[in-house]
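Taken in order, these protein sequences are the chains called A and B.
Residue 38 in the numbering used here is what sits at position 38 of the first sequence, and the numbering runs on without skipping anything.
Whatever position you read off the second sequence (first residue = 1), add 411 for the numbering used here.
One structure below.
Number of protein chains: 2
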Amino acid sequence: MAEASGLINQGTTCSNHAFITPAKVVQEPAPYLWKVQFEIQSKDTQSSARSGLLHTAHGAVPTPIFMPVGTQGTVKGLGPDLLASDTKAHIVLGNTYHLYLRPGTEIIEMAGGLHSFTTWTGPMLTDSGGFQVYSLEDRRKIREDGVKFQSHIDGSSHLFSPESVMDVQRSIGADVVMAFDECTAYPADQAYAREAMERTHRWLDRCLLRWRETEPKYGFEQALFPIVQGSTFSDLRKESAEFIASKSAWGNAIGGLSVGEPHDEMYAMTAEVCAILPEDRPRYLMGVGTPANVLESIALGVDMFDCVMPTRNGRNGQIFTLEGTINLRNAKWARDFSLLDPQGDSAVDSRFTKAYLHHLFRADEALGRQIASQHNLRFYLALVEQARLRIADGSFRPWKDQLVPQLTRRL
Amino acid sequence: MAEASGLINQGTTCSNHAFITPAKVVQEPAPYLWKVQFEIQSKDTQSSARSGLLHTAHGAVPTPIFMPVGTQGTVKGLGPDLLASDTKAHIVLGNTYHLYLRPGTEIIEMAGGLHSFTTWTGPMLTDSGGFQVYSLEDRRKIREDGVKFQSHIDGSSHLFSPESVMDVQRSIGADVVMAFDECTAYPADQAYAREAMERTHRWLDRCLLRWRETEPKYGFEQALFPIVQGSTFSDLRKESAEFIASKSAWGNAIGGLSVGEPHDEMYAMTAEVCAILPEDRPRYLMGVGTPANVLESIALGVDMFDCVMPTRNGRNGQIFTLEGTINLRNAKWARDFSLLDPQGDSAVDSRFTKAYLHHLFRADEALGRQIASQHNLRFYLALVEQARLRIADGSFRPWKDQLVPQLTRRL
């Protein structure tokens, strides 16, 4: 720990001063005093869509919003500067499971929290690790006290409990944190779905208790969002939503969807839950989804989304456009010298051609993955920006109805 | 070829105008009229170092200069915007072998040359593919007419001749192109080294003939640099340098070094060749090298360098600093929250900490590779910028002598 003295420029011990530039210190957010609060700005008359602002210590997030996924302390292939300046992301998601394992809370705390560690100065949200530990399948055991699991990195054993996950999220220091829940796999039998839902509710009470007993570590309020479960069973979803709503949390999330069920079931569950969750708090549909899923769910009253799709599909050569999706690896783009996306406003859209991107993907060049990820994130962000404007001016519903069929085409 | 109409924004056929932004057309270089010319600006009195300007249709390159390697139409992991604005690269190298195989000259010509295809608007240099085809070892056969080889991608058979390589480089359209040579492996017996050198000379005459018989395709002059060979045999190097010098080409290159020979031999050969090559033309030492190699070779009279080291080593977690090299993967950096390089002036140097980069490399995140590559390229470019200033103000020799031992330390 030779030089563990924060982000301060250490000066130089080199007698040669040729390269010395004025010390730049990474900007720390001022010690904010305000609370996390949600403000509704307009409501659509032809759907349940609404627009608003989620105020946090690191800035206000306009809703509806899409949150790029930064699993391990970075959005894959995209630095925080481009993320803010080009994709115009307002809030980024981190994964508690991954960050707990690597670099670990000790290092994140030494850095002064995940904001300082990553230099992302805007709002952040962390999931609870619930989804990740259930994904471990053979390497985890669900018990009443929590989930015992083995690290995917080195096989070491760990226990995530409602209490420990709250503590980890205090150390990470996101503006919005999630309750520890059990994400039920699809399909589930109703008995198991009820058991998992009830456990999630008991765990929520323990999360809330721990949350009230602990303090933020970095001088700003962190908002805890509970999560509705209940698989695709209407009565369970209603019961869960009512339980969650009764907690009057800062905001509320819908989990356990987009896990393999048909889209119609996902929309039906989302609609039922949104009708019960308090209207004056933000609603976050976890892990959703395609651009069409996002628009349809906004119409149902959802305010916040996250999904790996823009970056993961981008790394595989798929880009989203208003006309449909494009697989840049396909031979049909090899001689297409039109711009990457003439309707897009990312810097890459009007700089590079489809033919060049096709070449980069065929040649397995990292730049292709970066450009496609950057385009896709900007596409998602522009889509929710546009939805927000349309909600305000009353044209959301016809715009959405016309756009959805286009978005799902393959070009 | 549905939309192969160049880089022009096609407008939109979508009836929804929500995302339409003003059309941006990728900027094409104006039809330059001037020639490639070299101008010496100052000479060091304590060494053979000199500074100058290499004027090309795409801008003037200050020398001494380091050229980032963009093998397949991109510097790995770094877009053309950052390359220009942050690393401050002045000229980028492309590989004829790779570009010929993929995307191929047909597509590069359709794009309007490699500048348009990649959107790099500054000067470019392409190697001749000589080094790459010899690296194929079992998959190539050297004949008098050229080199028969099998593609590393699909095993298909191809012939590179002096004539075909000139034609390919006309299609690619770099500002500086290289003669087709045979890069002798190290160690070589003297008889073989002579044979290869003499073949390289015969090929050079064929290259020059073809070059004079053909025209640039994109409206600006391309300069052809011949290459000195001769392995590590002093008499061969002198003979080759004299032959090359007699051609009065735009500039001259030294090939077949940095292929495994001791540094002392490399410097000895470089010094002997530089003493013979015309003083008023730029000298390019191909494939060199470490920061120390670059400084020592500048002192011997070399003006241009290229090497994959800053990007390749960067992708492996090694960064160069004025204090020595750092392997970011080492555990000693896990808790080091000092800036990546307090003496560096890349945007990443004063933004991110070593601990964060250590995390990114341990987590195998692309952003780590990007940041380290960006830092390293800026480090090389800053090093040659500094050398240039020192040559002008007379302090190059003591600066270089003091810096070289520092550069080679491992931190």
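Even for Gly, the Cβ is constructed at its ideal location relative to N, Cα and C.
- Spanning the alpha carbons of M697 (chain B) and V719 (chain B) requires a straight line of approximately 11 Å.
- Distance from the CA of S171 (chain A) to the CA of E163 (chain A), rounded to the nearest whole angstrom, comes to 13 Å.
- Q72 (chain A) belongs to the set of residues whose beta carbon lies under 8 Å from a beta carbon in chain B.
- Under the DSSP assignment, L54 (chain A) falls in the beta strand (DSSP E) whose first and last residues are 50-56.
- Below 8 Å, too few C-beta pairs join the region 135-146 of chain A and the region 75-83 of chain A to call them touching: fewer than three.
- Taking CB atoms only, E144 (chain A) has no neighbour in chain B less than 8 Å away.
- I108 (chain A) has its alpha-carbon roughly 43 Å from the corresponding atom of M535 (chain B).
- Looking at the DSSP output, L696 (chain B) bridges to B:I665, B:F716.
- Residue nearest to L510 (chain B) within the set B:S539, B:A798, B:T498 is B:S539 (criterion: CA-CA distance).
- Our two residues, T408 (chain A) and S562 (chain B), have alpha carbons roughly 39 Å apart in a direct line.
- Runs of the beta strand (DSSP E) lying entirely within the region 67-98 of chain A and spanning at least 3 residues, in chain order: 92-95.
- When 7 Å is used as the limit between beta carbons, A363 (chain A) is near these residues of chain B: Q483, R513, in chain order.
- In the three-state reduction of the DSSP assignment, H674 (chain B) falls in the helix class, which pools H, G and I.
- Residue A:P68 holds the alpha-carbon nearest to the alpha-carbon of R312 (chain A) among A:P68, A:D205, A:K43.
- For F731 (chain B), the secondary structure class from DSSP, reduced to helix, strand or coil, is strand.
- At a cut-off of 8 Å, the C-beta of I319 (chain A) has no neighbouring C-beta in chain B.
- Straight-line spacing of the CA atoms in V273 (chain A) and M266 (chain A) works out to 11 Å.
- Annotation: the continuous beta strand (DSSP E) that includes E450 (chain B) extends over 448-454.
- Residues of the region 523-552 of chain B with a Cβ closer than 7 Å to any Cβ of chain A, in chain order: F528, T529, T530.
- Interface criterion met: the Cβ of A334 (chain A) is under 8 Å from a Cβ in chain B.
- Of A:F149, A:A179, A:K88, A:S258, the smallest CA-CA separation from T126 (chain A) is found for A:A179.
- The alpha helix (DSSP H) runs of length 4 or more contained entirely in the region 730-814 of chain B are, from start to end of the chain, 765-773, 777-804.
- A contact is defined here as three or more CB-CB pairs under 8 Å, and the region 275-283 of chain A fails this definition with respect to the region 329-339 of chain A.
- D181 (chain A) is a Cβ neighbour of G130 (chain A), given a cutoff of 8 Å.
- Per the Cβ contact rule, the region 794-806 of chain B is in contact with the region 702-711 of chain B (3 or more Cβ pairs under 8 Å).
- A residue is called buried when at least 16 other Cβ atoms come within 10 angstroms of its Cβ; S234 (chain A) does not meet this threshold and is exposed.
- Taking a Cβ-Cβ cut-off of 7 Å, G630 (chain B) has no neighbours in chain A, whose nearest Cβ is about 18 Å from it.
- If one requires a minimum length of 3 residues, the beta strand (DSSP E) runs lying completely within the region 550-584 of chain B are 551-553, 558-561, 568-571, in chain order.
- Interface residue (Cβ-Cβ distance to chain B less than 8 Å): I326 (chain A) is not classified as such.
- Taking a cut-off of 8 Å on C-beta distances, the region 219-236 of chain A touches the region 247-267 of chain A, as three or more cross pairs fall below it.
- Within the DSSP bridge table, the entry for V639 (chain B) names B:I665 as partners.
- With fewer than 16 other Cβ atoms from the protein chains shown falling within 10 Å of its own Cβ, K446 (chain B) counts as exposed.
- Put simply, the CB of K88 (chain A) is far from chain B, with every gap to its CB atoms at 8 Å or more.
- Residues of chain B with a Cβ closer than 8 Å to the Cβ of I107 (chain A) are, in chain order, A745, R746, A766, H770.
- Straight-line measurement puts the Cα of E296 (chain A) at about 8 Å from the Cα of K400 (chain A).
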